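Asks: What follows is a structure written as structure tokens; I'll ask about it next.
Protein chains: 2
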Amino acid sequence: MSRSNPRVLSTLERAGGFASAQEVYRLMQREGESIGLTTVYRSLQSLVNDKIVDVLRRDDGEAIYRLCGEAHHHHLVCKSCGDTVEIEGGAIEKWAKVMAEEHGFREVGHTAEIFGLCSKC
Amino acid sequence: MSRSNPRVLSTLERAGGFASAQEVYRLMQREGESIGLTTVYRSLQSLVNDKIVDVLRRDDGEAIYRLCGEAHHHHLVCKSCGDTVEIEGGAIEKWAKVMAEEHGFREVGHTAEIFGLCSKC
DNA sequence: AACAGGAATGAAAATCATTTTCATTTGTGG
DNA sequence: CCACAAATGAAAATGATTTTCATTCCTGTT
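Read top to bottom, the protein sequences are chains A and B.
In case it helps, the numbering used here puts the first sequence at residues 3 to 123.
In case it helps, the numbering used here puts the second sequence at residues 3 to 123.
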């Protein structure tokens, strides 16, 4: 068992929102940090074990990580131009919580996205 | 664009619950069906496009498919055993509509999923 | 300071699901 | 029967993730 490399965590923080292991790695490289991809993966896994970060899956199956507890938001995405608006999801949080309780689920997280055509398109 | 091979759909039905592309393939082989893995993938994709099957992700990132039962619903998925409960999302529908209006979006759809640990895990 | 043993690191190879390529087969209308 | 499009599948390519393993880095101990 290895412990997490602190620079990985700090990079994930700086990334804001979600980032995949590959993205964290590329980001660190671009910033001149000397680190191996393996270490990035190991560190992220360790952070997940310690429940310091959440892990989700993108549509394509790539794992994306995010700081636990970080105020998370949802997205409103335009199908046509790809423009994205960050929106708040108070209603969702409540819904997720209620549904989870109703079915005896614990440690729940959720994903929610809205997509459509923005006013310009 | 290829159309779905009907044997793939029928195998997915017979599998009950969720099955990954690899599982559908193995199942068909075991039953003596002559089919290629590529065709299984293509057929499943096509079924997803036609909204005949749902696709989700297991914890390990593998895509799992299942016949789309009813109309529009959301999922409560166990991260550990993959058990899935279909839940109703009235709150979400409303939230999506309000958020879309607020930002001038039209023709909106949405995705929402909750995941956690079920009572058995 | 030198040393030992364990943890951390990363390059390269291995894995595994999924996608792409491409040559072959099949089916259908003319 | 022929031509042409769609379907098929074997093999290669892709891409994320994991494993292997040799090396480096710590840290506590003589």
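Using N, Cα and C, we set each Cβ at its ideal position, and we do this for glycine too.
Here the structure is a predicted model, which is why all the values come from computation and not from measurement.
Return the chain-ordered list of same chain residues with a C-beta closer than 6 Å to the C-beta of Thr-13 (chain B), the five sequence neighbours on each side being excluded.
Replies: For Thr-13 (chain B), where only same-chain residues beyond five positions count, the Cβ hits under 6 Å are Val-26, Leu-29, Met-30.
Asks: Which word fits Gly-18 (chain B), buried or exposed, when buried means at least 16 other C-beta atoms lie within 10 angstroms of its C-beta?
Replies: Exposed: under 16 other Cβ atoms inside 10 Å.
Asks: Would you verify that the beta carbon of Thr-13 (chain B) is, or is not, closer than 9 Å to some beta carbon of chain A?
Replies: Thr-13 (chain B) does not count as touching chain A.
Asks: Please list, in chain order, all residues of the same chain as Leu-49 (chain A) whose beta carbon is under 6 Å from its beta carbon, the five residues on each side excluded.
Replies: Around Leu-49 (chain A): Ser-6, Val-55.
Asks: Can you tell me which residues form a DSSP beta bridge with Lys-54 (chain A)?
Replies: Residue identity check: residue 54 (chain A) is Ile in the sequence provided, not Lys. Answer is none; Ile-54 (chain A) lacks a bridge partner.
Asks: Compute the beta-carbon to beta-carbon distance between Ala-65 (chain B) and Thr-113 (chain A), rounded to the nearest angstrom, for a pair I have assumed lies under 8 Å.
Replies: Actually they do not touch by this definition, with Cβ atoms about 16 Å apart.
Asks: Enumerate in chain order the residues of its own chain whose CB-to-CB distance from Lys-53 (chain A) is below 7 Å, with the five nearest sequence positions on each side excluded.
Replies: Cys-70.
Asks: Within the continuous alpha helix (DSSP H) that includes Gly-92 (chain B), where are the two ends?
Replies: 92–104 is the extent of the alpha helix (DSSP H) around Gly-92 (chain B).
Asks: Alpha carbons only, please: which of A:Arg-16, A:Asn-51, A:Ala-23, A:Ile-116 is nearest the one belonging to Gly-63 (chain A)?
Replies: Closest option to Gly-63 (chain A), Cα to Cα, is A:Ala-23.
Asks: Considering only DSSP beta bridges, list what Glu-115 (chain A) is partnered with.
Replies: A:His-77, B:Thr-113, per the DSSP bridge assignment.
Asks: Under 9 Å, Cβ to Cβ, is there at least one residue of chain B near Cys-70 (chain A)?
Replies: For Cys-70 (chain A), the answer is no, since every Cβ of chain B falls outside 9 Å of its Cβ.
Asks: What residue from A:Arg-59, A:Tyr-43, A:Ser-36 has the CA that sits closest to Gly-111 (chain A)'s CA?
Replies: Nearest of A:Arg-59, A:Tyr-43, A:Ser-36 to Gly-111 (chain A), Cα basis: A:Arg-59.
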